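For the sequence shown, counting from 1, position 126 maps to 1527 in the numbering used here; every step adds exactly one.
Take a look at the structure below.
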Amino acid sequence: MYNFGMPSSLKAWIDHIVRLGRTLHYTPEVKDHPFTGAFADRNVPVVVLSSRGDHGMDPGGIYAHMNHLDPAIATALGFIGLHDIRSIAVEHQSQGGEPLAQSVRSSLSATTRLVDDLLRTHASTDSRSFA
Ligand SMILES: Cc1cc2nc3c(=O)[nH]c(=O)nc-3n(C[C@H](O)[C@H](O)[C@H](O)COP(=O)(O)O)c2cc1C
């Protein structure tokens, strides 16, 4: 997280992959929902691993309202049909010490659980899901 949102390099990546005519299709005849994401018919999970200097920015946290990173990623990727977004963040990077160590530990175990979950739910699906 940089300045409560995406680092510019990640923003550049989003701007390169969310592209009309390639990952996003526009059908003016469909009045209410003219945009269709290219991934809409594929069950593709997206894993966002991030880190923050501060803390409390997960959903429900005291500073969750300042987190403009995960919601922005979910909105942009949702536009191209990627709706299954899994986010795990290390916090307290500025503070360091035990709060950081604890956050790293819990993020690592959350990551292990997430990998187990993804393998269980996606292992037998079309390999294109991970392309
Ligand atoms: C330019 C800059 C802006 C940052 N802005 C925030 C911020 O808004 N909120 C926050 O919690 N941490 C912020 N941080 C701390 C980073 O999120 C943290 O150091 C993170 O671990 C950096 O990851 P990186 O090593 O991949 O760059 C900022 C760091 C930098 C360098």
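Don't be surprised by glycine CBs; every beta carbon is placed ideally from N, CA and C.
Just so it is clear, the structure is predicted and the values come from calculations on it, not from any experiment.
Limits of the alpha helix (DSSP H) - the one that residue i falls within
i: Gly1479; result: 1471-1480
i: Pro1500; result: 1498-1523
i: His1355; result: No answer is possible for residue 1355: it lies beyond the span of the chain, which begins at 1402 and ends at 1532.
Beta-carbon proximity list for residue i, same chain, < 6 Å, skipping 5 on both sides
i: Ser1488; result: Val1449, Asp1471
For residue i, the nearest candidate out of the options (CA to CA)
i: Phe1436; options: Ser1508, Pro1460, Leu1478; result: Leu1478
i: Thr1522; options: Asp1433, Gly1462, Arg1423, Asn1444; result: Asn1444
i: Ser1451; options: Val1491, Arg1423, Pro1408; result: Val1491
Residue i to residue j span [Cα, whole Å]
i: Pro1500; j: His1493; result: 6 Å
i: Asp1517; j: Asp1485; result: 16 Å
i: Ala1413; j: Tyr1403; result: 14 Å
i: Arg1514; j: Ser1507; result: 11 Å
i: Met1458; j: Asn1468; result: 6 Å
i: Leu1421; j: Thr1428; result: 11 Å
i: Asp1442; j: Leu1483; result: 9 Å
i: Asp1416; j: Thr1476; result: 13 Å
i: Pro1460; j: Ala1502; result: 21 Å
i: Ser1410; j: Ala1511; result: 26 Å
i: Ala1524; j: Leu1509; result: 21 Å
i: Lys1432; j: Arg1423; result: 21 Å
i: Ile1463; j: Glu1430; result: 44 Å
Opening and closing residue of the beta strand (DSSP E) in which residue i lies
i: Val1491; result: 1485-1491
i: Tyr1427; result: 1425-1427
i: Phe1405; result: Careful: Phe1405 lies outside any beta strand (DSSP E) and carries neither H nor E.
i: Phe1440; result: Here Phe1440 belongs to no beta strand (DSSP E), and DSSP marks it neither H nor E.
Same chain, Cβ closer than 7 Å to residue i, five either side skipped, listed in chain order
i: Leu1519; result: Pro1446
i: Leu1425; result: Val1419, Phe1436, Gly1438, Ala1439, Phe1480, Ile1481
i: Phe1531; result: With a pLDDT of only 48 at Phe1531, under 50, the local geometry of the prediction cannot be trusted, and the value read off the model is given with reservation. If we look at Phe1531 and ignore the five residues flanking it on each side, it has no Cβ neighbours.
CB-CB length for residue i against residue j, believed under 8 Å
i: Ala1473; j: Gly1406; result: 6 Å
i: Ser1504; j: Gly1454; result: Not a contact, Cβ separation roughly 11 Å.
Minimum Cβ-Cβ distance from residue i to chain B less than 8 Å
i: Asp1517; result: Among the protein chains of the structure shown there is no chain B, as only one such chain exists.
8 Å CB neighbourhood of residue i in its chain, flanking five on each side removed
i: Gly1497; result: none
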